[in-house]
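All remarks here apply to the structure that follows.
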Amino acid sequence: MQSLAIPHAVAGKDVLGLAQTGTGKTAAFCLPMLQRLAAEKPKKSLARAPRALILAPTRELAQQIAEASAPFARALHLRTTVVHGGVSLRPQIDALARGVDVLIATPGRLEDLLSQRALALGEVHALVLDEADRMLDEGFLPAVRRILALCPRDRQTMLFSATLPEAIESIAKHQMREPVRVEATPPNHTPRKIEQTVWFCEQPEKLERLGVLLDQPSVERAIVFTRTKRGADRVAKKLVQMGLASVAIHGDKSQGQRDRALLAFKNGKVPILVATDIAARGIDVREVSHVVNYELPHEPESYVHRIGRTARAGASGIAWAFCSREERDRLKDIEKLLKERLVRGNDDPDERMRHPVNAPGRSRAKQEHAPQQERSRAAARPTHAAPPAARRPAESSPRTPPARAPRSDAARDHSATRESSSSRPAARPAPQSPRPATPKARPAPRGDERSAPRREERSERPQTRDRRRG
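Residue numbers (the working numbering): 53 to 522.
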């Protein structure tokens, strides 16, 4: 980018630069801008009236630009000041009052200072919009338009962006004068030295898989991206519980907390940084070996920004992405933007859905990684549906009332008695005693209470006769 943009910037032309992060954009606009300011430098820096303005979407990026430009500015006897949120206004107001040549600012804090009349933009001769597409994503575009309206029309404007949405094209059309378009890499192109892999897993499984991947010896320094601030805190806490040193950084952290987290990450004391998109802007660490998209971004362009944190300055890197079923459309948008299909690290969920949870040969691990609905059903089966072997004893056990079973036995006795009565006229045996053994007109037994006593009488009568004979 430097070789493409610097010649036009030194000539005073407006520049529209399309480049990914890590391609040397900062030097591409800082060096020619400082050179022009030094050639036109007045005897004394103007108080509260910067001659050059650089807008950045985040505090970290603003601070990074200030650190990168400070050595060159000091060599040229130019004063630089950086203003952003998260810190007190008073030191920034005092710094502006002492005089400033180059002001590096975030849109929100700059508007706060303008509302307090702490500075004026009427002397701005050079204006830079760095990472303009991110300012659009974060909702800073209205503030940027108001700031541009306060700057002189005959200024030099340089705009740098990784992608070129319609709103950014509109700014270039209405706020720039015949800009020269330079393109280091296509807007939808990712560096060839980034090895990209997508892992299909549902939301509850992501933390476990993340811990396994980050625990590999090859992971020297990694940035994990989440969509929300709360998610960043939760992921960092879980990683610490797994024994992986990590720290979270997002917009709700104080400036001191963010500075300490970045310093620990850059020094290697904490090898894992969990960040949101807005907080990760401006993280310039060349030794980032891995980038993890814990959750896929809503805008496919954000994916390009995220993975650009690795493979900086010609180095190589690895980018992992986790994709749940709810994120499949986002994955398709990313692949459409990149015009390539990401490498799959595991089986596709569409293929997995063709096999039932308890299919033969399916491992226990895959059953545990099945969707929550399938796991709930699988866990509920043993409780709500007893196996046939467990149901048979209950069916064969005598669960009928006690009076019903004897009644059926009596009915069988009654039918047997009727059959014996009907068979007597055909073959009646000779009596064994003078008295008949069976009464001639004997009523049939009706139940347990009648049949049992009569059987007892038959068993006792011979004994009674024997006693009488004796």
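We put the beta carbon where it would ideally sit given N, CA and C, even for glycine.
This structure is a prediction, so every number in the text was calculated from the model and none was measured.
Going by the CB atoms, is the gap between S222 and D185 shorter than 9 Å?
Working through the sequence shown from its first residue, we reach residue 185 at position 133. Working through the sequence shown from its first residue, we reach residue 222 at position 170. Not a contact, by the Cβ cut-off of 9 Å.
Taking 8 Å as the cut-off, does the stretch 375-386 touch the stretch 307-318 (at least 3 CB pairs, one atom from each stretch)?
no
Since V180 and M187 are thought to touch, with beta carbons under 8 Å apart, how far apart are those beta carbons, to the nearest angstrom?
Your numbering for residue 180 matches position 128 in the sequence shown. Your numbering for residue 187 matches position 135 in the sequence shown. Actually they are not in contact, since the Cβ atoms of V180 and M187 sit about 12 Å apart, beyond 8 Å.
Is C375 helix, strand or coil by DSSP?
Here the question's residue 375 lines up with position 323 in the sequence shown. C375 carries a strand assignment under DSSP once its states are collapsed to helix, strand and coil.
What are the start and end residues of each continuous alpha helix (DSSP H) run of 4 or more residues lying completely inside the stretch 187-245, in chain order?
Whole alpha helix (DSSP H) segments, 4+ residues: 193-201, 218-227.
Assess, as a yes-or-no matter, whether the stretch 63-74 is touched by the stretch 101-114 under the definition of 3 or more beta carbon pairs within less than 8 Å.
no
Can you tell me whether H357 is buried or exposed, with buried defined as 16 or more other CB within 10 angstroms of its CB?
By 1-based counting over the sequence shown, the position of residue 357 is 305. By the neighbour-count rule (16 or more Cβ atoms within 10 Å), H357 is buried.
Which same chain residues end up closer than 7 Å to P217 when comparing Cβ atoms and leaving out the 5 residues on each side of it in sequence?
Position 165 of the sequence shown, counted from the start, is the residue given in the question as residue 217. The residues are D185, L188.
Local conformation of E342 per DSSP, three classes:
Position 290 of the sequence shown holds residue 342. Residue 342 is actually His in this sequence, not Glu. If DSSP states are grouped into helix, strand and coil, H342 belongs with the strands.
So which of C82, Q54, A57, E254 has the shortest CA-CA distance to L120?
As a first step, residue 120 is located in the sequence shown; it is residue number 68 there, counting from the start. Note that residue 120 is Ala in the sequence shown here, rather than Leu. Residue C82 is the option with its Cα nearest to A120.
Identify whether H136 lies in helix, strand or coil by the three-state DSSP scheme.
Within the sequence shown, numbered from 1, the residue matching residue 136 stands at position 84. It is coil, neither helix nor strand.
Given A122 as reference, the closest of I156, P143, G151, D285 once Cα atoms are compared:
In the sequence shown, residue 122 corresponds to position 70, counting from 1. Minimum Cα distance to A122 is reached at I156.
Under 9 Å between the Cβ atoms of E254 and R126?
Walking along the sequence shown from the start, residue 254 turns up at place 202. Walking along the sequence shown from the start, residue 126 turns up at place 74. No.
Quick one: measure Cβ to Cβ for L296 and A313, integer angstroms, because I've assumed they're closer than 8 Å.
Taking the first residue of the sequence shown as position 1, residue 296 is located at position 244. Taking the first residue of the sequence shown as position 1, residue 313 is located at position 261. Rounded to the nearest angstrom, the Cβ distance from L296 to A313 is 15 Å, too far for a contact under 8 Å.
With a threshold of 16 other CB atoms inside 10 Å of the CB of Q248, please say whether the residue is buried or exposed.
In the sequence shown, the residue the question calls residue 248 occupies position 196. Looking at its Cβ environment, which holds 16 or more other Cβ atoms inside 10 Å, Q248 is buried.
Which residues in the same chain have their Cβ closer than 8 Å to the Cβ of V250, if we skip the five residues on either side of it in sequence?
Counting from 1 along the sequence shown, the entry for residue 250 is found at position 198. Once the five neighbours on either side are set aside, the close Cβ partners of V250 are W372, A373, F374, C375, L383, L394, V395, R396, G397.
Going along the chain, which residues of its own chain have a beta-carbon closer than 7 Å to the beta-carbon of R161, five neighbours each way excluded?
The count along the sequence shown starts at 1 and reaches residue 161 at position 109. Closer than 7 Å at Cβ, skipping near neighbours: V135, H136, G137.
Given that a residue counts as buried once 16 or more other Cβ atoms are within 10 Å of its Cβ, and exposed if not, what is A191?
Along the sequence shown, one-based indexing puts residue 191 at 139. What sits at residue 191 in the sequence shown is Gly, not Ala. G191 is exposed by the Cβ-count criterion.
Which of the three DSSP states, helix, strand or coil, is assigned to G64?
Counting from 1 along the sequence shown, the entry for residue 64 is found at position 12. Residue state, collapsed to three classes: coil.
Cβ-based neighbour list, V337, same chain, cut-off 6 Å, excluding 5 preceding and 5 following:
Taking the first residue of the sequence shown as position 1, residue 337 is located at position 285. Correct list, in chain order: K318.
Is the beta carbon of G151 less than 9 Å from the beta carbon of L98?
Position 99 of the sequence shown, counting from 1, holds the residue named residue 151. Position 46 of the sequence shown, counting from 1, holds the residue named residue 98. Their beta carbons are under 9 Å apart, which means G151 touches L98 by this criterion.
S298 - containing beta strand (DSSP E), residue span:
Sequence index remark: in the sequence shown, residue 298 carries index 246 (1-based). Taken as a continuous stretch (DSSP letters only), the beta strand (DSSP E) holding S298 covers 298-301.
Where does G174 fall in DSSP's three states?
On the sequence shown, residue 174 is found 122 positions in, with the first residue counted as 1. It is coil, neither helix nor strand.
Could you pull the start and end residues of the beta strand (DSSP E) that A316 belongs to?
Here the question's residue 316 lines up with position 264 in the sequence shown. Run containing A316: none in the beta strand (DSSP E); it sits in the alpha helix (DSSP H), 307-319.
Less than 8 Å between the CB of L216 and some heavy atom of the ligand MN, yes or no?
For the ligand MN, the structure offers nothing, since it holds no ligand at all.
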